[in-house]
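Each residue of the sequence shown is one higher than the one before, counting from 1282 in my numbering.
Cβ atoms here follow ideal geometry from the backbone N, Cα and C, with glycine treated the same way.
In this text, all values refer to a predicted model and were calculated from it rather than measured experimentally.
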Amino acid sequence: MKDRLFILSQHVLPHHFLSRLIGGFAECRMPWFKNALTAWFARRYDVDMRQAQVEDLTAYENFNAFFTRSLKPDARPLPEDPTAIVSPSDGEVSQIGQVEHGRIFQAKGHSYSLLELVGGDAQRAAPFMGGSFATIYLSPKDYHRVHMPISGTLKEMVYVPGRIFSVNHLTAENVPELFARNERVVCIFDTERGPMAMILVGAMIVASIETVWAGMVTPPKRMLKTTRYDEAARALIHLEKGEEMGRFKLGSTVIVLFGPDQVNWAQELGAFSTVNMGQQIGSPKVAEVIEPLLGDV
C-alpha cells in the first residue's frame, strides 16, 4: 500500500513547484539553517565526507554547494588502460545493455523510446539505433558531478522539457516511459568510438541541471531548445576522459549511449551493480576477423 501511494503521489504532485521551492531552501545561506540541513542530510544518508575536498560540513556556503562538492584529487583514479570506457558518475546501474528495435530497457515490463529520449529528432537518434546503453542512478549519498566516459568533442546540446518524476527503482518499475517523460539535457559528443550521447535526466526536487560550458541549463520557459557547437557557431568544446561535464543539484540519473558495435560492457555489471566515477565499465568492441580456410596448397 505504501508503494502504491508513493506512485500515485508522483502523478498528482506539482513537480516543478515543489522543485523550485526545495531549490530555494537548498540555496539558503543562513548559517543556522544550511548547517542544520546539511548535517541532517549527511547523517540520514550516511554521506562519506572523508573523500570530499572540504570535509567540514559547515564550510559550505549552502546546501547545494555541499551536495555538488568536489572530491580529493586521488579519490577517483582512472584505469591505466587508455582504451577503457569509465563510469560517468558514482551510483548504481539501473540497467545496461543493447538498444533493441529503437527501445531501451527500463525495468521488468517497461521500456522507452530512444527517439523520444533524445528529443524526438530521428536524425539525432539514428546513430544509436541498435547500439549500447548504460543507465546509472545517483542516490542521495553519492557524489553528484558527472564526468566523461571517454574523450569527446561536444556537437549538440538539447534541453527537453518534461515531468520530473522520482527516478528511483520503484518509479522505474511502475512509471511507463519514465526517462523519456522526465525533463532532461541531451549532450551529443564526437568520440573515437563514434557518436556518444550523455543524457542528464532530471527528477523530483532536482533544482537544476548544469554543464561546465553552459552553467544552469533549465531555461525560464520550459520549451525544447537545441544548441549546436560547431566551428561556425562557437569555439569547440573538447573534454578529456574523466573531466567533469556537468552536475545535478539533488539526485538523478545519467544515461550513456553509443552506436552499434562500438563497446562491450563489463560482464560483471548488471542491474543494481554499484559503480564509482572513473571505474571501468566497458571497453572498445573489436571486430572478430575469421581467416578463410584455404585448405592445402
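On the premise that residue j lies in contact with residue i, defined as a C-beta separation below 8 Å, what is that separation, rounded to the nearest angstrom?
i	j	result
Leu-1419	Ser-1370	6 Å
Ile-1385	Gly-1563	Wrong, their Cβ atoms sit about 16 Å apart, outside the cutoff.
Val-1380	Leu-1395	6 Å
Phe-1344	Gly-1378	Rounded, the Cβ-Cβ distance is 36 Å, inconsistent with contact.
His-1519	Thr-1416	Contact flag wrong, Cβ pair sits at about 25 Å.
Gly-1412	Gln-1543	7 Å
Gly-1527	Val-1493	7 Å
Pro-1442	Leu-1505	6 Å
Ala-1642	Glu-1437	A query on residue 1642 cannot be resolved here, the shown segment of the chain reaching from 1282 to 1578 and no further.
For residue i and residue j, what's the separation of their Cα atoms in angstroms?
i	j	result
Phe-1581	Ile-1490	For the chain, the structure presents residues 1282 to 1578; residue 1581 sits outside this window and is missing.
Asp-1402	Asp-1337	46 Å
Gln-1548	Lys-1422	26 Å
Gln-1332	Val-1556	15 Å
Arg-1444	Asp-1471	29 Å
Val-1335	Val-1498	26 Å
Arg-1310	Arg-1350	16 Å
Arg-1324	Met-1479	31 Å
Glu-1308	Pro-1541	42 Å
Ser-1533	Leu-1459	12 Å
Arg-1405	Val-1399	7 Å
Leu-1550	Leu-1481	21 Å
Pro-1430	Val-1535	11 Å
Ile-1565	Trp-1546	According to the sequence displayed, residue 1565 carries Pro and not Ile. Roughly 9 Å between the two C-alpha positions.
Val-1567	Tyr-1341	46 Å
Gly-1383	Pro-1457	16 Å
Cys-1468	Phe-1539	12 Å
Pro-1408	Pro-1476	7 Å
Ala-1356	Met-1330	11 Å
Gly-1390	Val-1537	21 Å
May I ask you to report which of helix, strand or coil DSSP gives residue i?
i	result
Lys-1389	coil
Glu-1266	No answer is possible for residue 1266: it lies beyond the span of the chain, which begins at 1282 and ends at 1578.
Phe-1632	Coverage of the chain is limited to positions 1282 through 1578, which leaves residue 1632 absent and any answer about it impossible.
Ala-1547	coil
Asn-1343	coil
Gln-1379	strand
Thr-1254	No information on residue 1254 is available, as it lies outside the stretch 1282 to 1578 that the chain covers here.
Arg-1357	coil
Arg-1331	helix
Lys-1315	helix
Arg-1384	strand
Ala-1484	coil
Glu-1308	coil
Pro-1573	The predicted position of Pro-1573 is uncertain, since its pLDDT is 41 and thus under 50; a value taken from the coordinates is nonetheless stated next. The answer is coil: DSSP assigns Pro-1573 none of H, G, I, E or B.
Phe-1446	coil
Arg-1350	coil
Leu-1338	helix
Leu-1398	helix
Leu-1459	helix
Arg-1474	coil
Ala-1403	helix
Ala-1365	coil
Let me know if residue i comes out buried or exposed under the rule of 16 or more other beta-carbons within 10 Å of its beta-carbon.
i	result
Phe-1314	exposed
Tyr-1424	buried
Val-1570	Caution applies to Val-1570, whose pLDDT of 33 falls short of 50 and renders its modelled position unreliable; the model cannot decide the point.
Phe-1529	buried
Leu-1517	exposed
Glu-1464	buried
Phe-1553	exposed
Thr-1339	exposed
Trp-1321	exposed
Pro-1358	exposed
His-1428	buried
Arg-1474	buried
Thr-1507	exposed
Tyr-1510	buried
Thr-1364	exposed
Ala-1621	Any question about residue 1621 goes unanswered here, given that the chain covers just 1282 to 1578.
Glu-1361	exposed
Arg-1426	buried
Gly-1559	buried
Let me check one thing: in DSSP terms, what residues is residue i bridge-paired to?
i	result
Met-1479	Cys-1468 and Val-1537
Val-1567	Val-1567 pairs with nothing; no bridge assigned.
Lys-1530	Ser-1489
Ile-1518	DSSP output for Ile-1518 lists no bridge partner at all.
Gly-1559	None; Gly-1559 has no bridge partner.
Glu-1437	Ile-1469 and Arg-1509
His-1428	Glu-1525
Tyr-1418	Glu-1373 and Thr-1534
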